[in-house]
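If you want it as structure tokens, here you go:
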């Protein structure tokens, strides 16, 4: 809710008007969203990791149906992208993660991951976070094959807004 809306609602109540319960609730929500919240970088990354796992769990519930990924993305306010090794349309960071997961398969260390997506080459600031989770399947010889990686792009702002605040 914008500050002008909050001021308008306050004026309406001050002018003898009474607010409905719905208006009162929206006013409080707007005030809550306008609160300044301070989080450390570690807290932001931890929250992003938890949020990524939450979105991944929602994908699991629909059996990773690509047709439903967009609606899940909209519900959680994230962008979801499935990448497959060897595909040309992967973004550079996605390709780097695929290569890292393939290397990690040798050591047996395949786990979900969060990465900061920097806004400049100097890596001074970031506005997005990428949560990635590899999907593997066993082959007949017992070796695991990397089927692909689910990439969930989270806005740093949305991570902060969705974080539980004490």
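Residue numbers (the working numbering): 1 to 166. A virtual CB, placed ideally from N, CA and C, is assigned to each residue, including glycine. Every value quoted in this text rests on a predicted model; they were computed, and no experiment measured them.
Alpha carbon to alpha carbon, how far is residue j from residue i? Give it in angstroms, no decimals.
i: residue 147; j: residue 78; result: 22 Å
i: residue 84; j: residue 39; result: 34 Å
i: residue 96; j: residue 87; result: 12 Å
i: residue 155; j: residue 114; result: 12 Å
i: residue 100; j: residue 90; result: 14 Å
i: residue 58; j: residue 45; result: 20 Å
i: residue 164; j: residue 25; result: 19 Å
i: residue 43; j: residue 30; result: 24 Å
i: residue 60; j: residue 98; result: 20 Å
Determine the burial state of residue i: buried for a count of at least 16 other Cβ atoms within 10 Å of its Cβ, exposed for fewer.
i: residue 166; result: Summary for residue 166: the model assigns pLDDT 47, below 50, so the residue's position carries little reliability; its value from the coordinates is reported in the next sentence. Exposed, since its Cβ has fewer than 16 Cβ neighbours within 10 Å.
i: residue 119; result: exposed
i: residue 35; result: exposed
Locate the beta strand (DSSP E) running through residue i, then write down its first and last residues.
i: residue 111; result: First-last for residue 111: undefined, no H or E at that position.
i: residue 134; result: 126–138
i: residue 73; result: First-last for residue 73: 66–76, but that is the alpha helix (DSSP H), not the beta strand (DSSP E).
i: residue 149; result: 144–155
Can you name the start and end residues of the alpha helix (DSSP H) that residue i belongs to?
i: residue 47; result: 41–61
From the options, pick the residue whose C-alpha is nearest to that of residue i; which is it?
i: residue 158; options: 145, 138 and 130; result: 130
i: residue 108; options: 59, 62, 37 and 145; result: 145
i: residue 51; options: 76, 121, 31 and 67; result: 76
i: residue 67; options: 54, 57, 82 and 113; result: 82
i: residue 162; options: 19, 48 and 22; result: 48
i: residue 135; options: 41, 122 and 102; result: 102
i: residue 171; options: 143, 60, 138 and 19; result: There is simply no residue 171 to check, as the chain begins at 1 and stops at 166 in what is shown.
i: residue 124; options: 41, 60 and 140; result: 41
Spatial neighbours of residue i within its chain, please: C-beta separation below 8 Å, excluding the five flanking residues on both sides.
i: residue 117; result: 93, 126, 127, 128, 129, 130 and 153
Please return the same chain residues whose Cβ sits closer than 6 Å to the Cβ of residue i, not counting the five positions on each side in sequence.
i: residue 80; result: 69, 73 and 152
i: residue 133; result: 56, 112 and 150
i: residue 63; result: none
i: residue 53; result: none
Could you name the residues of the same chain whose beta carbon sits closer than 7 Å to that of residue i, not counting the 5 residues immediately before and after it, in chain order?
i: residue 110; result: 101, 104, 134 and 136
i: residue 138; result: 144
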